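Residue numbers (this note's numbering), protein chains in the order written: chain L, 245 to 676; chain A, 5 to 135.
#1: Determine whether the Cβ of residue 264 of chain L lies closer than 7 Å to any Cβ atom of chain A.
#2: Pull out every residue of the segment 35-50 of chain A whose Cβ sits closer than 7 Å to any Cβ of chain D, in chain order.
#3: Quick check: residue 394 of chain L and residue 444 of chain L, are their CB atoms within less than 7 Å of each other?
#4: Under DSSP, the beta strand (DSSP E) around residue 407 of chain L begins and ends at which residues?
#5: Along the chain, where does the alpha helix (DSSP H) that runs through residue 350 of chain L open and close?
#6: Residue 85 of chain A bridges to which residues according to DSSP?
#7: Is the separation between the beta-carbon of residue 553 of chain L and that of residue 518 of chain L shorter than 7 Å?
#8: Could you please give me the residues that DSSP links to residue 634 of chain L through a beta bridge?
#9: My output table needs one value for residue 396 of chain L: the three-state DSSP class, helix, strand or coil.
#10: Less than 7 Å between the beta carbons of residue 143 of chain A and residue 6 of chain A, yes or no?
#11: Starting from the C-beta of residue 123 of chain A, find all residues in its chain whose C-beta is less than 8 Å away, skip the five residues before and the five after it, and write them out in chain order.
#12: From this set, L:303, L:448, L:465, L:301, which residue's C-alpha is nearest residue 515 of chain L's C-alpha?
#13: Under the assumption that residue 502 of chain L contacts residue 641 of chain L (Cβ atoms under 8 Å), give the Cβ distance between them as a whole number of angstroms.
#14: Does DSSP classify residue 34 of chain A as helix, strand or coil?
#15: Quick one: complete alpha helix (DSSP H) runs, 4+ long, within the segment 435-497 of chain L?
#16: For a test of the three-state rule: what should DSSP assign to residue 420 of chain L, helix, strand or coil?
#17: Have a look at A:87, A:125, A:93, A:102 and flag the residue whose alpha-carbon is nearest the alpha-carbon of residue 108 of chain A.
#18: At a CB distance below 9 Å, what residues from the segment 336-351 of chain L approach chain A? Give them in sequence order.
#19: Contact defined as beta carbons within less than 8 Å: I believe residue 555 of chain L pairs with residue 572 of chain L. What is the distance between those atoms, to the nearest angstrom?
#20: I'd like to know if residue 80 of chain A contacts chain L, where contact means its C-beta is closer than 7 Å to some C-beta of that chain.
#21: Can you pull the DSSP bridge partners for residue 55 of chain A?
#22: Terminal residues of the continuous alpha helix (DSSP H) containing residue 601 of chain L?
#23: Starting from residue 571 of chain L, trace the alpha helix (DSSP H) in both directions and tell me its first and last residue.
#24: Comparing C-alpha positions only, which one of L:537, L:588, L:276, L:559 sits nearest to residue 614 of chain L?
#25: Using a beta-carbon distance cut-off of less than 7 Å, what residues from the segment 634-655 of chain L approach chain A?
#26: In whole angstroms, what is the alpha-carbon distance linking residue 56 of chain A and residue 420 of chain L?
#27: Determine the burial state of residue 65 of chain A: buried for a count of at least 16 other Cβ atoms within 10 Å of its Cβ, exposed for fewer.
#28: Would you list the one or two residues that DSSP bridges to residue 645 of chain L?
#29: DSSP beta-bridge partners for residue 212 of chain L?
#30: According to DSSP, is residue 611 of chain L helix, strand or coil?
#31: So with Cβ pairs under 7 Å, would you call residue 566 of chain L a contact of chain A?
#32: So, for residue 703 of chain L: in the same chain, excluding its five sequence neighbours on each side, which residues have a beta-carbon less than 6 Å away from its beta-carbon?
#33: Applying the criterion that 16 or more other CB atoms from any shown protein chain within 10 Å of the CB defines a buried residue, is residue 281 of chain L buried or exposed?
#34: Please state if the CB of residue 567 of chain L and the CB of residue 600 of chain L are separated by a distance shorter than 7 Å.
#35: Can you tell me which of the three DSSP states residue 582 of chain L falls into?
#36: Helix, strand or coil for residue 506 of chain L? Go by DSSP, reduced to three states.
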């Protein structure tokens with residue numbers, strides 16, 4: 245469609261048509277005038293005009309050549325701008341590679357362009373726009389991974405319409421991510437050193453960005469692991485609640501994902517679910533571990549834990565969006581929960597999700613004051629209390645998702661019977 | 005393939021642009037300023053305008069305002085500019101269906117946009133004629 249032509253191919257194309265014709269006409273009229281007025285000078289004039297003409301052609305072809313170089317330079321500048329500005333808007337690593345290939349395809353629109361990925365540098369999995377027979381060219385991808393820079397291979401006889409291939413490796417740090425492969429038919433033009441330097445520079449930008457994503461992901465994982473370690477330390481204050489926060493985190497995340505929560509929002513919900521009981525660190529052990537019924541004073545003390553959790557989490561600015569879920573995870577749907585007595589939709593959605601997950605885990609594990617209920621019995625109790633304790637819209641969804649996950653053996657509910665086979669108590673405070 | 009008017013006061017940019025657009029198969033008419041551009045548009049047949057912003061005797065913005073206003077034409081316009089206030093220019097001409105690009109222009113992106121716009125236009129015309 246818009247191929248570059250070989251340098252100087254269009255005769256005088258750098259000059260506008262009008263100027264070109266004017267010069268031609270002037271030379272012709274000069275020849276005519278001189279030849280008529282000075283008989284015998286014709287041959288000399290022809291020679292002189294021939295010289296001027298060929299000099300003019302030379303200058304024009306030089307101009308066209310320079311114009312071509314300038315167009316190439318403009319083009320390369322354009323793609324550098326576009327790649328750098330578009331890549332910064334990418335959402336995830338796959339998006340980075342996709343946008344990168346897309347931006348390149350406009351400049352190299354007359355070529356087949358695709359990314360080739362490899363898990364182990366050995367077996368290359370060829371990605372979307374695979375030109376027929378490209379698998380034969382795996383060698384060049386290996387070559388670019390080996391040399392860590394763009395490599396061009398030219399074929400003496402074009403196969404499947406491909407005259408040459410350029411491959412450039414994208415490395416995130418030391419990790420090979422994929423190779424960007426350009427299959428050129430050679431009809432429009434051939435690759436040269438400037439293509440190689442341009443692509444080398446661009447894949448390195450792309451690689452740096454991917455490396456940043458990796459670092460960010462590893463930081464996120466590190467924070468998540470730290471929080472999990474912290475909450476499991478809190479859970480271990482009471483041997484009956486060991487693993488409780490992690491399980492609530494998992495159940496809540498399942499339910500949230502089921503109702504369409506994604507990305508950052510889902511991440512915040514998971515933080516809140518993991519940290520909902522962190523305030524128990526400030527609850528007296530004798531109250532926390534007490535078998536049997538609590539006195540009113542003791543119960544009031546236990547009820548402080550959501551606010552205590554809230555006070556801990558509010559010190560972390562990045563978790564401000566998790567605060568609602570943490571503070572209100574004991575608010576009942578009928579408004580008779582604590583600490584603020586919120587009801588219905590006034591309770592933050594995250595807190596309503598965590599409450600269902602929390603009650604479910606409390607019912608399916610043995611507590612210091614009672615034995616665990618069976619899976620079905622626990623779901624029946626939650627269903628019975630829908631609208632009073634749990635959000636009536638969320639409860640059926642929770643039941644559906646948890647049954648599905650258990651059936652698929654993705655989660656296991658294995659009631660733990662406690663250390664001394666403690667006696668069954670009432671379940672009124674299930675979920676504390 | 006379209007008749008494209010290029011309004012540009014810098015002779016070498018004009019030549020480059022004309023050379024590139026001709027290679028892409030278009031017919032190019034050249035205007036070194038906004039005044040001449042108006043005359044060429046009035047003469048008829050122009051299907052696409054590629055214009056610079058800073059030009060003597062009527063700049064690119066005035067030219068587009070005249071084109072959309074007084075002349076009431078909706079031919080597609082691409083505006084190229086080396087100026088720093090491109091976002092504002094884009095905003096100013098927001099309702100005028102003009103796309104603003106930085107200079108130096110990227111040849112393939114320029115022709116890519118022209119082809120896409122022309123193809124869309126053909127489709128729209130096809131639909132409205134069929135309807």
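Quick reminder that beta carbons are idealized off the backbone N, C-alpha and C, glycines included.
Given the structure is predicted, the values throughout are model-derived calculations rather than measurements.
Considering the structure as presented:
#1: no
#2: Any reference to chain D falls outside this structure, whose protein chains are L and A.
#3: yes
#4: 406-416
#5: 337-351
#6: A:106
#7: no
#8: L:630
#9: strand
#10: Residue 143 of chain A lies beyond the stretch modelled for chain A, which goes from 5 to 135, so this question has no answer here.
#11: none
#12: L:465
#13: 6 Å
#14: strand
#15: 437-479
#16: strand
#17: A:87
#18: 350, 351
#19: Rounded, the Cβ-Cβ distance is 14 Å, inconsistent with contact.
#20: no
#21: A:11, A:83
#22: 593-607
#23: 567-571
#24: L:537
#25: none
#26: 44 Å
#27: buried
#28: The partner list for residue 645 of chain L (beta bridge, DSSP) is empty, contrary to what the question assumes.
#29: Summary: the structure shown does not reach residue 212 of chain L, with chain L confined to residues 245 through 676, and so no result is reported for it.
#30: strand
#31: no
#32: Outside the shown range of chain L, which is 245 to 676, sits residue 703 of chain L, and nothing can be said about it.
#33: exposed
#34: no
#35: coil
#36: coil
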